[in-house]
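Have a look at the structure below, then the notes.
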Amino acid sequence: MGYQESWVYIEPQWNFKNLIRAYEQAEAAGYYKLFGAEPLSVIILKRSFGKIPAGKKLLWVCGDRCFHNVSGIFGRNLNILGKLQVIPIEAVLDMNDSRLDGIHFENSTPSENPYMKRYSVVDYVHRMKQAQSKYHSER
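Here my numbering is used: the first residue of the sequence shown is 89, the next is one more, and so on.
If you want it as structure tokens, here you go:
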């Protein structure tokens with residue numbers, strides 16, 4: 089037990105939208121009120137971090153260490169084909185790392201720096217739905 093922060097990374101990246109859908113389903117079912125590992129941010133890398141190339145999308149998950157696995161994060165809402173990695177944040181950077189300068193985790197508005205762009209997961213879901221609605225209305 090204990091607090092943990094992790095990145096959730098999926099390949100191929102076209103499956104990222106399925107992570108977001110699984111988050112939405114778990115949130116709607118009240119899953120995160122009962123269990124302790126919740127996606128709070130979407131990160132889009134502007135530069136490579138270790139083996140993760142620039143341009144990739146990640147979920148930043150926070151909460152109880154024992155829930156930092158696929159079923160602990162998404163309940164039974166995630167059904168995908170792809171390679172999913174849950175990477176403890178300390179394997180990639182530390183919380184005093186200068187690559188986090190300018191990234192505001194407590195704020196719902198997007199923030200960015202030369203290394204990454206951060207959205208709250210709620211804001212990202214909203215933007216995704218707006219883009220989808222706009223796409224369908226233009227057809």
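Even for Gly, the Cβ is constructed at its ideal location relative to N, Cα and C.
These numbers come from a predicted model, not from an experiment.
- prompt: In the DSSP assignment, what are the bridge partners of Gly151?
  reply: In the sequence shown, counting from the first residue as 1, residue 151 sits at position 63. Its beta-bridge partners are Gln92, Ala125.
task: Compare the beta carbon distance of Leu147 and Ile140 with 9 angstroms and say whether it is the shorter of the two.
output: The residue labelled residue 147 in the question sits at position 59 within the sequence shown. The residue labelled residue 140 in the question sits at position 52 within the sequence shown. Not a contact, by the Cβ cut-off of 9 angstroms.
- request: Could you tell me which residues DSSP puts in a beta bridge with Ser208?
  value: Within the sequence shown, the letter at position 120 stands for residue 208. According to DSSP, which records beta bridges pairwise, Ser208 is partnered with Ser129.
message: Need the endpoints of the beta strand (DSSP E) that Gln173 sits in, please.
response: The count along the sequence shown starts at 1 and reaches residue 173 at position 85. Run containing Gln173: 171-176, per the beta strand (DSSP E) assignment.
message: Mapping the DSSP letters down to three states, classify Leu181 as helix, strand or coil.
response: Position 93 of the sequence shown, counted from the first residue, corresponds to residue 181. Residue state, collapsed to three classes: coil.
query: Do Phe123 and Gly72 come within 9 angstroms of each other at the CB atom, strictly closer than that value?
result: In this structure the chain extends from 89 to 227, so residue 72 is not present and cannot be described.
query: Should Pro202 go down as buried or exposed, given a rule of 16 or more other Cβ atoms within 10 Å for buried?
result: Start at 1 with the first residue of the sequence shown, and residue 202 comes out as number 114. Burial call: exposed.
query: For Met183, is the classification buried or exposed, using 16 other Cβ atoms within 10 angstroms of its Cβ as the cut-off for buried?
result: Residue 183 sits at position 95 when you count from the first residue of the sequence shown. The residue in question, Met183, is exposed, as its Cβ has fewer than 16 Cβ neighbours within 10 Å.
message: Classify Phe137: buried if its beta carbon has 16 or more other beta carbons within 10 angstroms, exposed otherwise.
response: Here residue 137 corresponds to residue number 49 of the sequence shown, with the count starting at 1. Burial call: buried.
- prompt: DSSP state of Ile98, grouped into three classes?
  reply: One-based indexing of the sequence shown puts residue 98 at position 10. Looking at Ile98 - three-state DSSP - the assignment turns out to be strand.
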